[in-house]
Every structure is written in structure tokens, then in C-alpha cells.
Amino acid sequence: MYPMIAGISDLIGDNEKLGGFVTSNNRSDGEWLLKNGNFYVDSNQVLDRKKLKKPIKKQLPIAVLISGYTASSGEMTAVALIGRSKTKLFGEESANYTTSNQGFKIDKNSELNLAVGYVADRTGKIYIKNIKPDFEITGGDNFEDLKYDEKIIQSIKWLKNEPANR
Numbered sequence: 008m009y010p011m012i013a014g015i016s017d018l019i020g021d022n023e024k025l026g027g028f029v030t031s032n033n034r035s036d037g038e039w040l041l042k043n044g045n046f047y048v049d050s051n052q053v054l055d056r057k058k059l060k061k062p063i064k065k066q067l068p069i070a071v072l073i074s075g076y077t078a079s080s081g082e083m084t085a086v087a088l089i090g091r092s093k094t095k096l097f098g099e100e101s102a103n104y105t106t107s108n109q110g111f112k113i114d115k116n117s118e119l120n121l122a123v124g125y126v127a128d129r130t131g132k133i134y135i136k137n138i139k140p141d142f143e144i145t146g147g148d149n150f151e152d153l154k155y156d157e158k159i160i161q162s163i164k165w166l167k168n169e170p171a172n173r
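Counting in our numbering, the sequence shown runs without a single skipped number right up to 173 at its last residue.
Following this line, the structure appears as C-alpha cells:
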């Protein structure tokens with residue numbers, strides 16, 4: 008998830024809390040932060056990223072397309088964008104892999120990863136199951152010719168009506 012979120016960090020904004028991990032008891036277990044384009048969990052830098060040579064205009068509207076194929080790190084990336092101003096999710100419910108995982112060493116040759124918690128967006132909403140879009144658009148997919156894909160059509164229509172694009 009870290010490379011995906013860091014890859015769009017210039018769109019998200021800097022010095023932002025994006026979300027975090029939560030325990031099954033709804034206690035914070037690590038906030039996701041962007042600082043100077045780098046991704047942190049609490050105060051631990053988990054990814055170093057080079058800055059773009061030409062900065063992206065701040066607060067551009069972002070349309071996020073999700074579906075049942077949006078899983079795991081894709082869901083974490085969507086969660087990192089939820090709550091950002093001028094950002095909406097379009098499509099269908101995500102795949103339901105919104106858990107946080109932790110590795111446990113068994114012996115020198117083995118490790119076991121277990122789901123130990125969930126994720127929360129920047130507003131504090133916890134995702135125990137899948138992510139629901141702001142604009143649900145069921146069906147209408149056209150992967151062969153995207154200009155006829157209903158989710159793409161609706162997201163472009165929304166983007167064109169956002170103030171930054173007028």
C-alpha cells in the first residue's frame with residue numbers, strides 16, 4: 008500500500024493525515040501521514056519518495072473509481088483519499104480486504120501474517136467491511152472502449168462540474 012499512496016502523494020497534499028490502522032477494539036494502531044512527500048506510520052518513515060520536478064496544482068478534484076476488483080492495497084489507497092476535499096468515489100463496493108496485517112515469526116524459516124485490525128480514513132470512519140462509493144454505479148462497464156463505460160462517463164461529468172476545472 009505504501010508505494011501506491013506515495014505515488015499519488017502530490018495529488019493528495021502534503022503534511023496530511025490520510026487515515027490509519029485501528030485495532031479490533033477501535034483503538035488507533037498507527038496513523039498514516041504524508042510529510043514532504045514521504046509516507047509515515049506514526050513517526051516511522053516507511054517510504055522515501057522523490058519529489059516531482061514540476062509540482063501539481065494543489066486541491067485538484069479527484070474521481071476515484073472502485074469496484075469488487077479494488078482490493079487490499081487498492082482499498083487502502085481509496086481510504087487515503089476519502090475525506091479529502093474535492094474527492095469522490097464512483098462505482099461499486101470494493102472487495103472487502105480492509106484489514107491490517109501483522110507478521111509473526113514462527114521459527115528461523117517461517118513467518119505467519121494475520122489480520123489483526125482494520126483501517127480508518129482521515130475522518131476516523133472505520134472500514135470493517137468493504138468501501139462504498141459516493142456515487143454507486145452498478146454495471147455499465149466497457150473495458151474495450153472506455154468512452155462508453157458508465158463509471159468513466161459519470162466521473163468525468165462530475166470532474167467537469169468541479170470549480171477547479173471551470
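The beta-carbon is built from N, C-alpha and C at its ideal position, and this holds for glycine as well. Quick caveat: nothing in here was measured; it's all calculated off a predicted structure.
Quick check on residue i: does DSSP put it in helix, strand or coil?
i: I73; result: strand
i: K65; result: coil
i: A122; result: strand
i: I159; result: helix
i: D128; result: strand
So, for residue i: in the same chain, excluding its five sequence neighbours on each side, which residues have a beta-carbon less than 6 Å away from its beta-carbon?
i: T94; result: I69, L88
i: S101; result: I73, T77, E82, N137, I138
Residues in its own chain within less than 8 Å of residue i by CB, not counting five upstream and five downstream?
i: M11; result: S80, G81, M83, T84
i: G146; result: E157
How close, in whole Å, do the beta carbons of residue i and residue j come, if the pair is a contact with beta carbons under 8 Å?
i: L41; j: L25; result: 6 Å
i: L72; j: S162; result: 6 Å
i: D148; j: D156; result: 6 Å
i: T30; j: G90; result: That pair is no contact at about 21 Å.
Residues in its own chain within less than 7 Å of residue i by CB, not counting five upstream and five downstream?
i: N103; result: K136, N137
i: E118; result: G110, F111, K112
i: N43; result: D21
Please confirm whether residue i and residue j have their CB atoms less than 7 Å apart.
i: F174; j: G14; result: In the structure as shown, the chain begins at 8 and stops at 173. Residue 174 is therefore absent and cannot be evaluated.
Item checked: Three CB pairs or more closer than 8 Å across the region 113-127 and the region 49-56 -> The region 113-127 vs the region 49-56: no contact.
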